[in-house]
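Enquirer: In terms of the working numbering, the sequence shown is residues 5 to 192.
One structure, as structure tokens, below. Some questions next.
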Amino acid sequence: MRTPDDIYDEWLVLRCQSGDSQAFAILVQRWQPRLLRLAMRLLNEEAEAEDVVQSTWVVAIGKIGSIKDPGAFRPWLFRIAANKCADLIRGRQVRRRREKHLDVGSFSGGSYDSKPPAIGKADHLLELREALRDLDSDKREILKLHYLKGMSIEQIARSLSLPTGTVKSRLYYARQKLRQIIEGEKHE
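Structure representation (structure tokens):
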């Protein structure tokens, strides 16, 4: 059974689809607190929740015209927010895995897709960060793109407008240089 609030939201959606920006502002005012509660429940981090809600509204304003059934606005909006939260959670997991690999990974210099240099235990992460700072910016950047951002060789090649062979070579030499820096510090 539709409530007066449901009917009001449907009317606002129809007005938005007709180009009424004030109707969209009213929808934001009505739904912002509920979206924030959802994002907080899923993310448990206020700043991230606010960012997710903001990006949800950006998507909503761009796609509100595609809603065929204005009565479906609420589930449509919440699905966008939930998907944004899921994307953020997946990103957190990828970063944690990358950091873990940087922390305890093993290094085999012969493979282009090998794990990052091993430096021992978690308390040596600072040593790795310092070694990364000692690298040239181009070597540091290619390592960050591959290991911290999780980009494949092909993705890095596209983003830097380089051939994949060049990216593989640069990644290989960046790993070698990082290994030399770390091993040099251990022998001092």
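Backbone N, C-alpha and C fix where the C-beta goes; we use that ideal spot for every residue, glycine too.
Note that the structure is predicted; figures quoted are calculated from it, not measured.
(1) Quick one, are the C-beta atoms of Leu-152 and Arg-102 less than 9 Å apart?
(2) DSSP three-state label for Met-44, please.
(3) Whose C-alpha, out of Ala-135, Tyr-177, Gly-169 and Ile-146, is nearest the C-alpha of Ile-185?
(4) Just how far apart, CA to CA, sit Leu-16 and Ala-76?
(5) Output needed for Val-164: all residues of its chain with C-beta closer than 6 Å, excluding positions within five of it in sequence on either side, in chain order.
(6) Over the uninterrupted alpha helix (DSSP H) stretch that includes Arg-6, give me the two end residues.
(7) Can you tell me whether Ile-71 is helix, strand or coil according to DSSP?
(8) Can you give me the C-alpha to C-alpha distance between Gly-69 and Val-171, rounded to a whole angstrom?
(9) Taking the C-alpha atoms as reference points, what is the distance between Trp-80 and Lys-181?
(10) Between the Cα of Arg-6 and the Cα atoms of Arg-41, Gln-33 and Pro-74, which residue gives the shortest distance?
(11) Quick test of your reading: Val-56 and Ala-85, contact by CB under 8 Å. State the CB separation rounded to the nearest angstrom.
Expert: Reading from the atomic positions:
(1) As a first step, residue 152 is located in the sequence shown; it is residue number 148 there, counting from the start. As a first step, residue 102 is located in the sequence shown; it is residue number 98 there, counting from the start. The answer is yes: Cβ separation under 9 Å.
(2) Numbered from 1 along the sequence shown, position 40 holds the residue referred to as residue 44. Reduced to three states, the DSSP call for Met-44 is helix.
(3) In the sequence shown, the residue the question calls residue 185 occupies position 181. Comparing Cα positions, the closest option is Ala-135.
(4) In the sequence shown, counting from the first residue as 1, residue 16 sits at position 12. In the sequence shown, counting from the first residue as 1, residue 76 sits at position 72. So the alpha carbons of these two residues sit roughly 12 Å apart.
(5) Position 160 of the sequence shown, counting from 1, holds the residue named residue 164. According to the sequence displayed, residue 164 carries Leu and not Val. Sequence-distant partners of Leu-164 (beyond 5 residues in either direction) whose C-beta falls short of 6 Å from its own C-beta are missing from its chain.
(6) Numbered from its first residue, the sequence shown carries residue 6 at position 2. No alpha helix (DSSP H) holds Arg-6; DSSP gives it neither H nor E.
(7) Locating residue 71 in the sequence shown gives position 67, counting from the first residue. Of the three classes helix, strand and coil, the one that applies to Ile-71 here is coil, per DSSP.
(8) If you number the sequence shown from 1, residue 69 lands on position 65. If you number the sequence shown from 1, residue 171 lands on position 167. Their Cα atoms are separated by approximately 42 Å.
(9) As a working mapping, residue 80 is identified with position 76 in the sequence shown. As a working mapping, residue 181 is identified with position 177 in the sequence shown. Cα to Cα, the separation comes out at about 50 Å.
(10) Residue 6 sits at position 2 when you count from the first residue of the sequence shown. The alpha carbon of Arg-6 has as its nearest neighbour, out of Arg-41, Gln-33 and Pro-74, the alpha carbon of Pro-74.
(11) Taking the sequence shown and counting its residues from 1, one reaches residue 56 at position 52. Taking the sequence shown and counting its residues from 1, one reaches residue 85 at position 81. That belief holds up - the Cβ atoms of Val-56 and Ala-85 are roughly 6 Å apart, short of 8 Å.
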